[in-house]
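Right, one structure below, let's go through it.
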Amino acid sequence: MWPKSVAAFLWGLLLAISLMLIVYRTLPAAVDVKLFVGLMLGFCVWVGVMTFCYSRNSAKAASVVCAKWLVASSLINTLLFYSQN
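Sequential numbering from 46 applies to the sequence shown in the numbering used here.
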């Protein structure tokens, strides 16, 4: 159970940050609204990813799927970063 807990915590945190950065870059609103939306959605995403990790048979199986999502969201963040500059 501890490997699943560690994987769920770390992957949930990384994915929540990465996905909320996409929302922050694409949301056409004031900075304070973006931060508030990011805080509320980020916590929900973090809980969702943790639940997903606990539902997998092992921490390795959850890590493989979460790593794919992190790579995809990192690529999107990179594209958004370079397209806005």
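Glycine included, each C-beta is placed from N, C-alpha and C at the ideal position.
PHE97 and ALA107 do touch by the CB rule: their CB atoms are close to 7 angstroms apart, below 8 angstroms. Taken atom to atom, the span from the alpha-carbon of LYS79 to that of TYR127 is near 20 angstroms. Across the structure, GLN129 and LEU55 are spaced so that their CA atoms are roughly 29 angstroms apart. Under the 8 angstroms Cβ criterion, the stretch 80–88 does not count as touching the stretch 117–125, having fewer than three qualifying pairs. In this structure LEU115 is in contact with SER63, their Cβ atoms being roughly 6 angstroms apart against a cut-off of 8 angstroms. Taking LEU59 as the centre and dropping the five residues before and after it, the same chain places the C-beta of LEU115 closer than 7 angstroms to its C-beta, in chain order. Your pair GLY83 and TYR69 checks out as a contact, with CB atoms roughly 5 angstroms apart and the cut at 8 angstroms. Taking a 10 Å sphere around the C-beta of VAL92, we find fewer than 16 other C-beta atoms and assign the residue as exposed.
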